[in-house]
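Going left to right, the sequence shown walks through residues 10 to 193 as my numbering numbers them.
Beta carbons: idealized from backbone N, C-alpha and C, even for Gly.
Just so we're clear, the structure is a prediction, and the values are computed from it rather than from any experiment.
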Amino acid sequence: MTSKSPACPQCGKTDTVAKVNHIYLENLSAKPLTEDLLIPHVLRWPADKPSNSKKSYDEVTFLKQFNPPSGQTVVIRQVNPDLAVIFFSLLAIFLLYKIYISQRGAFFIALGFIALFYAAYFIGRKFIMKKFKQRQDADQAAKKQAEAAIGRWMKMYYCWDEGIVFLPGEKQAIPLDQIRAYLY
Ligand SMILES: [Zn+2]
10 MTSKSPACPQ CGKTDTVAKV NHIYLENLSA KPLTEDLLIP HVLRWPADKP
60 SNSKKSYDEV TFLKQFNPPS GQTVVIRQVN PDLAVIFFSL LAIFLLYKIY
110 ISQRGAFFIA LGFIALFYAA YFIGRKFIMK KFKQRQDADQ AAKKQAEAAI
160 GRWMKMYYCW DEGIVFLPGE KQAIPLDQIR AYLY
């Protein structure tokens, strides 16, 4: 909306262009819409419609397209398997002690089971650690991708003449409904 807006790659105009994150922020703000604001222009608000009227379902759906990309994966912090085993070991020592003082007969059976667990863990450890590393790498990649998507979203402009979004300096014009696919 300001003279600082880059020209639309499709129509070459600058006065029909608004920053995507401005539209989003304006839509978020609870204050009633005024004619000076971007949204009435973006929505092609009819002249006879009060500018502070409630947004219709279609308008809400339309404006949702300006939302920032939300990470598609929930990043769960992975627990290192070795740490889990250390925790288990502390618990096992406590339980073994309890068994030793109360049911000495069961002590060696319990000890046997724990020994089996350790044997299985040390045999499978290489594989378990590999899986753990793969999950960590995948989380890391997803996080990077989500950050890159946000970065692009922050720089995007919308031209309400053709209903397209674009990045300044790039020739590509993307229909607004394809913005998600473009961000990722
Ligand atoms: Zn345009």
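Residue i: CB within 7 Å of a non-hydrogen atom of ligand 1
i, result
"Lys73", "no"
"Glu171", "yes"
"Thr70", "no"
"Gln181", "no"
"Gln145", "no"
"Thr23", "no"
"Gln154", "no"
"Gln19", "yes"
Neighbourhood of residue i by C-beta, 7 Å cutoff - its chain only, sequence neighbours within 5 removed
i, result
"Asn76", "Tyr33"
"Pro184", "Gly172 and Ile173"
"Gln145", "Gln87"
Same chain, Cβ closer than 6 Å to residue i, five either side skipped, listed in chain order
i, result
"Phe161", "A quick correction: the sequence has Arg, not Phe, at residue 161. Excluding residues within five positions, the ones whose Cβ falls inside 6 Å are Leu192."
"Lys180", "Pro18"
"Thr25", "Cys168, Trp169 and Asp170"
Bridge-paired residues (DSSP) for residue i
i, result
"Lys64", "Lys64 is not bridged to any residue."
"Val26", "Cys168"
"Ile183", "Val174"
Are the stretch 16–24 and the stretch 163–171 in contact at 8 Å, needing three or more beta carbon pairs? yes
Taking only runs that begin and end inside the stretch 150–177, name each unbroken beta strand (DSSP E) of 3 or more residues, in chain order. 166–168 and 173–175
Cβ contact (3+ pairs, closer than 8 Å) linking the stretch 134–143 and the stretch 87–103: yes
Would you check if there are 3 or more beta carbon pairs closer than 8 Å linking the stretch 90–109 to the stretch 117–127? yes
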